[in-house]
Amino acid sequence: MKVRRNKKQVPSFRKLLKTSKVKLENKLKNKQFKQQSTLKKYRKEQRKLRQAVKDAVSKKPIPLEDPKEKRPGKRIEREEEEEEEALPLDMMDEDDLQLMKDLGQRASFLTRDLSSSEPVHARKRKHEHVIDKYEKIPRTLQTAPEKELIHLLPIKDKSGIIPQTREKPVIDSNQDEEDQEEMEPEEEIIEEPIEELTLEEHLIERKKKLQEKKMRIAALASAILSDPESNIRKETQKLREFEEGLVSQYKFYLENLEQVVKDWKQRKLKKSNVVSLKAYKGLAEVAVKSLCELLVALPHFNFHNNIIVLVVPLMNDMSKLISEMCCEAVKKLFKQDKLGQASLGVIKVISGFVKGRNYEVRPEMLKTFLCLRIKEVEVKKDTEDINKQKKFMTFKEKRKTLSRMQRKWKKAEEKLERELREAEASESSEKKLKLHTETLNIVFVTYFRILKKAQRSPLLPAVLEGLAKFAHLINVEFFDDLLVVLHSLIESGDLSYQESLHCVQTAFHVLSGQGDVLNIDPMKFYTHLYKTLFKLHAGATNEGVEIVLQCLDVMLTKRRKQVSQQRALAFIKRLCTLALHVLPNSSIGILATNRILMHTFPKTDLLLDNESQGSGVFLPELDEPEYCNAQNTALWELHALRRHYHPIVQRFAAHLIAGAPSEGSEALKPELSRRSAAELFEAYSMAAMTFNPPVESSNSKRKDKVLQGDSFLSEELSQLIKRHCSEVATQLPLDFTKYLETSLR
525 MKVRRNKKQV PSFRKLLKTS KVKLENKLKN KQFKQQSTLK KYRKEQRKLR
575 QAVKDAVSKK PIPLEDPKEK RPGKRIEREE EEEEEALPLD MMDEDDLQLM
625 KDLGQRASFL TRDLSSSEPV HARKRKHEHV IDKYEKIPRT LQTAPEKELI
675 HLLPIKDKSG IIPQTREKPV IDSNQDEEDQ EEMEPEEEII EEPIEELTLE
725 EHLIERKKKL QEKKMRIAAL ASAILSDPES NIRKETQKLR EFEEGLVSQY
775 KFYLENLEQV VKDWKQRKLK KSNVVSLKAY KGLAEVAVKS LCELLVALPH
825 FNFHNNIIVL VVPLMNDMSK LISEMCCEAV KKLFKQDKLG QASLGVIKVI
875 SGFVKGRNYE VRPEMLKTFL CLRIKEVEVK KDTEDINKQK KFMTFKEKRK
925 TLSRMQRKWK KAEEKLEREL REAEASESSE KKLKLHTETL NIVFVTYFRI
975 LKKAQRSPLL PAVLEGLAKF AHLINVEFFD DLLVVLHSLI ESGDLSYQES
1025 LHCVQTAFHV LSGQGDVLNI DPMKFYTHLY KTLFKLHAGA TNEGVEIVLQ
1075 CLDVMLTKRR KQVSQQRALA FIKRLCTLAL HVLPNSSIGI LATNRILMHT
1125 FPKTDLLLDN ESQGSGVFLP ELDEPEYCNA QNTALWELHA LRRHYHPIVQ
1175 RFAAHLIAGA PSEGSEALKP ELSRRSAAEL FEAYSMAAMT FNPPVESSNS
1225 KRKDKVLQGD SFLSEELSQL IKRHCSEVAT QLPLDFTKYL ETSLR
C-alpha cells in the first residue's frame, strides 16, 4: 500500500532569506486595518438592526405590498431611507428582492421571541399554555439590566428558518463618543423638514447624484492631466509659490550687492565728487562681507557660482581689507568642503583669473590652495592589478568540500559579502575622488605654468610651498622635469633663502612618495642644504628653522637606507654648531633632530669620543658632507650647551652627552621624548617675548633680616653723602693740558 506524501512543502532557504521583518509588519498592519474597517461596518449595521427590532416590537409592522400608501410619521420614512441607503435595490437580484418583500409582509422573525430555536413556520403545539406564551414576552420595565442580544440574519434549513443571536460586546467610552458623534448628524438631519418621496423618486434621485459625482471626478482628472501645474493640490502650490518668491528675492538681493560693488569701483576710477568716496567704500565693504558669508554658508543653494565669480576678483583688490576678507572666506570654504564640489568651482575661477592677469596677482590667492582637503586622488589602472579581488569558491569545489546545508550558507555569505563591497564603493566616495582629482589637476597646471613662464614672479614662494604639500600626489611622469626645474631655480640665485628651502623640501617630498622607485640621486640638494645651514641665526632667518627641521626629517630619517654614515656624521656635527647661535626653541628642535639621528644611525656615537677614526682632518669649511672627514671630530658644542641659560636646552645637551639613552637618570621625560622636533620648536617659541618656560620665583625664608636701601651703609658714610649732596656745587675751570703735559714728560 502506497503511503501518500504530504504535498505541502517546507519553504525553501531562498524564500526564507527573502522574507523580511518589514514585510511581516506590513502584513500585520494590513490585517489589523481590515479588521477595524470590518468591525466598524458591522457596528453600523447592528445599530440599524437594533433600531428596527425595537420599532418592530413596539409597533405593528406595515406590509410592503403597497408602497404608495402614506406612512404615519417621519420616523418610518427615515427608516425606509436608511434601509435603501444600506442596501440599494439596484444592487440586488430579483430573487433576493422578492425574499425581502415576503419577510417584510410577515415580519414574524422580528416580532416573535428569538430566544427559542424553533423554526418560523412550525405549527403551534397543543399542550403549550397561554401563560407560558405570556412569560416568554420580554417586559418593558426592568429594574436589573440584562444582557442585550444582537439579532443576526436567520439561516434557512430543510426544517425551516433558524434565527441567530449574539451577545452585545462591551463598548468603550471612546467608542460611545464616536457613536454619538456619528448619530448627531443623523438627529440634525431628522429635525430638518424632509420632502415625502416615493421609492421610485428615491431611485431616480440616487442615480442622478451618482451621475453628477462621476462627471465631477472625470472633469478633475482631465484638468490635472491637461495642466498639472495649475490644477494641483493647494499645499504643493503654496510651497512652490513660496520657494519661487524666495529665490526671486534672493536673486534681487545678490544683484543689489553686485551693483553696490560695481558703483564703488567705477567711482573710484572716475573720482566723482557727487557722493563721497568714503561713504561708497564703507557700503562696498558691507556688501563684500555679505557676499563672503553667503559664499561660505550656502555652497548648496542657488546662484552660488555667481557669488564665486563676484568674490574671486575681489581677492586681488587694491584694498587690503577687502582682499583679506575674500581670501579668508575662500580658505574657510576649502576647509569645510568635504565633497569638493564647491572647491572645484572656486579653483576653476581662480586659475582662469590668474592666467588672464598674466600671473600678476597677489600671492595670497595661491596660498589659499594650501587649505584644500585633498588626501587621495585617482591613480592609474595599472596599480589595480596589484590588489586582486577575492576569489570565491567554484561550484565543483563547494560540492567536494561542503555539505548541502553548508553550500546554502556559503552562498548566502558570498551574496552578503558582494553587497557589502558594493556599499563600500558607494557613489559618493567615487564622486568625491573624481572631484578631488580634477581639482588637483587644475592646481598643478597653475603651478607648472608659473614655474615655466614666471620664475621671477612673487608667486613663486606660494607655488613652491604648494608643491611641497601636494608633491606626493604628482604623477610619476613629471618627476624628472620637476626636479630639473627645482635645481635650476636654486642655482639661479634669484630665490631667497626660504624659497630655496621650499625647493629642497618639494624635491624630497616627490622622492619620498611614488618617486622612491626611481633611480635618482638627490646629492645636489643635500649639498645645498648642508652649505646654507649657517645662514640661519637668531635674527630674521630664525623662522626658517621649522622648514629645515622638516627637510631633515624627509632627507635623513625617512631615507635612512639611501644615506651614508659619512653624510649623517657631517650633518650631526654641523647641526650642533648651528645650535650655538640660534634662539632657544630652535636649539631644542635641532638637538631633538640630532637625538633621532643618533638613534637612526647607531654608529654615529663615535662623535662622543675624542679619538679619531681613520686618516684625515676634519674640514668644517668644506661644503661637501661626504668628504669633510666628520668622523675625526667630536661634539664639543654639547658641553657649551650644557651651560645654556634655558633649562630644556641644558636637559637635551646632557642627554646627548650620555649617548641619548632611553632609560636611566639621563633619559628624557615622556613630554620631551614623544614630541617631534617641529612640535618642540612651536611649543617653546618665544614669539610672545616671554621666557618659555616661565622662571620660578625664589621665596626667601628669612625675610625679616633683608636689608633695603640705605640700611646697607654705615651711619658715618651716609652722613658724609648727605653733607656733600647738600653743598652747592661751584663751577671750576677744567684744564686738562697740565695733566697731559705731565703724562708726556
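Heads up, my numbering is the position in the sequence shown plus 524, with the first residue counted as 1.
Even glycine gets a Cβ: it sits at the ideal position worked out from N, Cα and C.
Source: prediction; values computed, not measured.
With the rule of 3 Cβ pairs closer than 8 Å, the region 1073 to 1084 counts as touching the region 1108 to 1126. With fewer than 16 other Cβ atoms from the protein chains shown falling within 10 Å of its own Cβ, Ala1064 counts as exposed. Around the beta-carbon of Phe1002, fewer than 16 other beta-carbon atoms lie within 10 Å, marking it exposed. In the structure shown, Thr689 adopts extended strand secondary structure according to DSSP, grouped into three states. Note that the C-beta distance between Ile674 and Gln570 is below 8 Å. For His1026, the number of other beta carbons within 10 angstroms of its own is at least 16, and it is reported as buried. If you draw a 10 Å sphere on the C-beta of Leu763, you find fewer than 16 other C-beta atoms in it, and that means exposed. A distance below 8 Å separates the beta carbons of Arg897 and Lys859. If one requires a minimum length of 4 residues, the alpha helix (DSSP H) runs lying completely within the region 1054 to 1104 are 1069 to 1076, 1089 to 1102, in chain order.
Here Thr892 is buried, its C-beta having at least 16 other C-beta atoms within 10 Å. The C-alpha of Val812 is placed about 57 Å away from the C-alpha of Arg740. Per DSSP, reduced to three states, the secondary structure at Leu822 is coil, with no helix or strand assignment. Between the beta-carbon of Ile1071 and that of Gln1022 there is about 7 Å, and that keeps the pair under the 8 Å contact cut. Note on geometry: alpha-carbon atoms of Tyr1151 and Arg1175 lie some 32 Å from one another. Remark: three or more beta-carbon pairs, one from each stretch, lie closer than 8 Å, so the region 810 to 830 and the region 848 to 855 are flagged as touching.
Contact between Glu1067 and Leu1104 fails: their C-beta atoms lie close to 19 Å from each other, not under 8 Å. Excluding sequence positions up to five before and after Ser1136, its CB lies within less than 6 Å of the CB of Asn1156, all in the same chain and listed in chain order. Here the region 930 to 946 makes no contact with the region 960 to 975; the two share fewer than three CB pairs at distances below 8 Å. In the same chain as Leu1143, and ignoring 5 residues on each side of it, the C-beta atoms closer than 7 Å to its own belong to Cys1152, Asn1153, in chain order.
The region 936 to 945 makes no contact with the region 968 to 978, as fewer than three CB pairs between them are under 8 Å. At the C-beta level, Arg1199 and Ala1191 stay beyond 8 Å of one another.
Going by DSSP, His1248 is part of no beta strand (DSSP E) but of the alpha helix (DSSP H) stretching over 1239 to 1250.
Pro1108 and Ala1182 have their C-alpha atoms some 21 Å from each other. Take Gly1140, set aside five residues on each side of it, and the residues of its chain with a beta-carbon closer than 7 Å to its own are Asn1153, Asn1156, in chain order. Distance from Val836 to Val873 at the Cβ level is roughly 5 Å; contact confirmed, criterion being Cβ atoms closer than 8 Å. A buried status is given to Cys1100, since no fewer than 16 other beta-carbon atoms sit within 10 Å of its beta-carbon. Scanning its chain for C-beta atoms nearer than 8 Å, with the 5 sequence neighbours on each side dropped, one finds around Asn829 the residues Gly869, in chain order. Of the other Cβ atoms in all chains shown, 16 or more fall within 10 Å of the Cβ of Arg791; this residue is therefore buried. Asn1134 counts as exposed, since fewer than 16 other beta carbons sit within 10 angstroms of its beta carbon. Sixteen is the threshold: since fewer than 16 other Cβ atoms of the shown chains lie within 10 Å of the Cβ of Met1047, the residue is exposed.
Per the C-alpha coordinates, the member of Ile1172, Pro1149, Leu1180, Glu1148 positioned closest to His1163 is Leu1180.
Sequence-distant Cβ neighbours of Gln1090 in its own chain, meaning closer than 6 Å and more than five residues away, are Glu1150.
If you compare the alpha carbons of Ser1036, Asp841, Val1008, Lys956 with that of Thr1081, the shortest gap goes to Ser1036. Nearest C-alpha to Asp1129 among Leu807, Ser1110, Ser1197, Leu1159: Leu1159. The closest CA to that of Ile831, considering only Thr689, Glu921, Leu857, Leu845, is found on Leu857.
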